[in-house]
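Some notes on the structure that comes next.
Residue numbers (the UniProt record's numbering), protein chains in the order written: chain A, 1 to 184; chain B, 1 to 270.
Next up, the structure:
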């Protein structure tokens, strides 16, 4: 499949009105990578505004529930480094997402970083894909509470900025400063 | 965005929401085309590791738009009303004071910590100084002792040697006088009597040729000290046989295991 046939299947950031004081995070990952554990950690964090978490195995999202679905503010592509299928799944899903999500509204999450021996997704492949999309990668694990909390906090911070809850900070600003930092 | 607006005044919020909805309607009408980044993957295989050019243009557009907003939006000004200004400034001042107080208490705590640490470090320094002093003393004292000890030891050893020599002289003198007194050479009569028992060929010996017990002991002892590897001396007719017998019986002297004419001093001193 070289071209996405149906434009309506593509996930777009600006096709719905945002809810007041609510942001929605979409977690995309194969079965068994720990989407729901991560979602629980994200929801468990106490915040000023409310965060919703939606999970899916792959894009495109089913069109049946299109009307009841809120606007997706942030997309997390979850890759289990010990599971090749999870990476392929993400690669397929990337076809059904608008490129505007890659401007600070998406991130890759690489899980089971510590399992060096059983790793089958090469980091170079993952980083080249992330570089192509201009998306940051969060490395972490869900084995302990502390690990999943760290990951959840990182995702929340990025979502906060992506949804515009932080005054005077926008994804573009983050991007610009990041590139400046990289040049140093 | 509507969600970022202040919600203290409900009406204002509603107005803002309406505004947002209007803008959104415009956005829908404009029907922005989707940017597919991965969709045409087959064509862009070569540059997969680089940022997609489509994304770059999108990013450029977005930054331009944000810049536009920042440049054109009015700087929020505080209202001219004196009461409002007073209120705002007092609030800000109170907040500042609170923060400063917190900072002050924090700094105080840190000061205390640092003081404690300095005290601890000083204690440790004192201890280390004591230890180093002790160690230095120890290093110095052996040198002095080393310088003194050999002399003292030498003197001690000399003293011991002298004592031993004088004791040896005394003992040898006593032994000599004792042996002279109690084990003299036999008298002429006894000697001739003994000679008569021998065959005529063996009667060449004379009393004055005989060796006294004192001389025997002397030669035994000298041989034993001078040649520890071969301490045996040969005996012949000049040795008075009863004395040889006496030495052997009392185990003062021992015969050579192979040669009955040779004896040595028993190694009782070992």
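We put the CB at the ideal spot given by N, CA and C, even for glycine. On a predicted model such as this, the values are computed, not experimentally measured, just so you know.
Enclosing alpha helix (DSSP H) for residue i [first to last residue]
i	result
residue 86 (chain A)	84 to 93
residue 146 (chain A)	145 to 162
residue 194 (chain B)	188 to 197
residue 72 (chain A)	Neither: residue 72 (chain A) is in no alpha helix (DSSP H) and is coded neither H nor E.
residue 225 (chain B)	213 to 226
residue 27 (chain B)	10 to 30
CB-CB length for residue i against residue j, believed under 8 Å
i	j	result
residue 163 (chain A)	residue 23 (chain A)	4 Å
residue 102 (chain A)	residue 135 (chain A)	6 Å
residue 166 (chain A)	residue 160 (chain A)	5 Å
residue 92 (chain A)	residue 30 (chain A)	That belief does not hold up - the Cβ atoms of residue 92 (chain A) and residue 30 (chain A) are roughly 11 Å apart, past 8 Å.
residue 233 (chain B)	residue 220 (chain B)	6 Å
residue 44 (chain A)	residue 58 (chain B)	So it is not a contact: roughly 34 Å between Cβ atoms.
residue 35 (chain B)	residue 54 (chain B)	5 Å
residue 155 (chain A)	residue 25 (chain A)	7 Å
residue 107 (chain A)	residue 149 (chain A)	The Cβ separation is near 17 Å, so there is no contact.
residue 131 (chain A)	residue 51 (chain B)	6 Å
Rounded C-alpha distance that separates residue i from residue j
i	j	result
residue 46 (chain A)	residue 16 (chain A)	26 Å
residue 97 (chain B)	residue 108 (chain B)	16 Å
residue 69 (chain B)	residue 119 (chain A)	46 Å
residue 16 (chain B)	residue 42 (chain A)	30 Å
residue 126 (chain A)	residue 104 (chain A)	18 Å
residue 112 (chain A)	residue 67 (chain A)	35 Å
residue 63 (chain A)	residue 138 (chain A)	30 Å
residue 133 (chain A)	residue 72 (chain B)	31 Å
residue 159 (chain B)	residue 147 (chain B)	20 Å
residue 266 (chain B)	residue 162 (chain B)	26 Å
residue 26 (chain B)	residue 56 (chain B)	25 Å
residue 65 (chain B)	residue 170 (chain A)	12 Å
residue 83 (chain A)	residue 129 (chain A)	16 Å
residue 150 (chain B)	residue 170 (chain B)	30 Å
residue 300 (chain B)	residue 74 (chain B)	Here chain B comprises residues numbered 1 to 270, so residue 300 (chain B) is not present and cannot be evaluated.
residue 153 (chain B)	residue 141 (chain B)	18 Å
residue 127 (chain B)	residue 110 (chain B)	25 Å
residue 156 (chain B)	residue 130 (chain B)	37 Å
residue 175 (chain B)	residue 181 (chain B)	10 Å
residue 12 (chain B)	residue 146 (chain A)	42 Å
residue 165 (chain B)	residue 235 (chain B)	30 Å
residue 229 (chain B)	residue 198 (chain B)	36 Å
residue 75 (chain A)	residue 28 (chain B)	22 Å
residue 261 (chain B)	residue 226 (chain B)	20 Å
residue 120 (chain B)	residue 95 (chain B)	37 Å
Residue i - DSSP class collapsed to helix/strand/coil
i	result
residue 65 (chain A)	coil
residue 243 (chain B)	helix
residue 39 (chain A)	helix
residue 50 (chain A)	strand
residue 80 (chain A)	strand
residue 252 (chain B)	coil
residue 117 (chain A)	coil
residue 9 (chain A)	helix
residue 174 (chain A)	helix
residue 207 (chain B)	helix
residue 15 (chain A)	coil
Enclosing beta strand (DSSP E) for residue i [first to last residue]
i	result
residue 141 (chain B)	That residue, residue 141 (chain B), is in no beta strand (DSSP E); its alpha helix (DSSP H) goes 82 to 182.
residue 125 (chain A)	Run containing residue 125 (chain A): none in the beta strand (DSSP E); it sits in the alpha helix (DSSP H), 123 to 133.
residue 107 (chain A)	106 to 111
residue 263 (chain B)	262 to 265
residue 58 (chain B)	From DSSP, residue 58 (chain B) is part of no beta strand (DSSP E) but of the alpha helix (DSSP H) over 53 to 72.
residue 96 (chain A)	It is not in any beta strand (DSSP E) - residue 96 (chain A) carries neither H nor E in the DSSP assignment.
residue 101 (chain A)	Premise fails: residue 101 (chain A) is in no beta strand (DSSP E) and is neither H nor E.
residue 25 (chain A)	22 to 28
residue 35 (chain B)	Run containing residue 35 (chain B): none; DSSP gives neither H nor E here.
residue 137 (chain A)	137 to 139
Beta-carbon gap between residue i and residue j smaller than 7 Å
i	j	result
residue 97 (chain A)	residue 11 (chain A)	yes
residue 78 (chain A)	residue 57 (chain A)	no
residue 35 (chain A)	residue 27 (chain A)	yes
residue 264 (chain B)	residue 254 (chain B)	yes
residue 240 (chain B)	residue 195 (chain B)	no
residue 213 (chain B)	residue 178 (chain B)	no
residue 33 (chain A)	residue 73 (chain A)	no
residue 188 (chain B)	residue 168 (chain B)	no
residue 21 (chain A)	residue 53 (chain A)	no
residue 19 (chain A)	residue 70 (chain A)	yes
residue 94 (chain A)	residue 60 (chain A)	no
CB contact below 7 Å: residue i versus chain D
i	result
residue 22 (chain B)	Checking the listed chains, one finds no chain D in this structure; the protein chains it contains are A and B.
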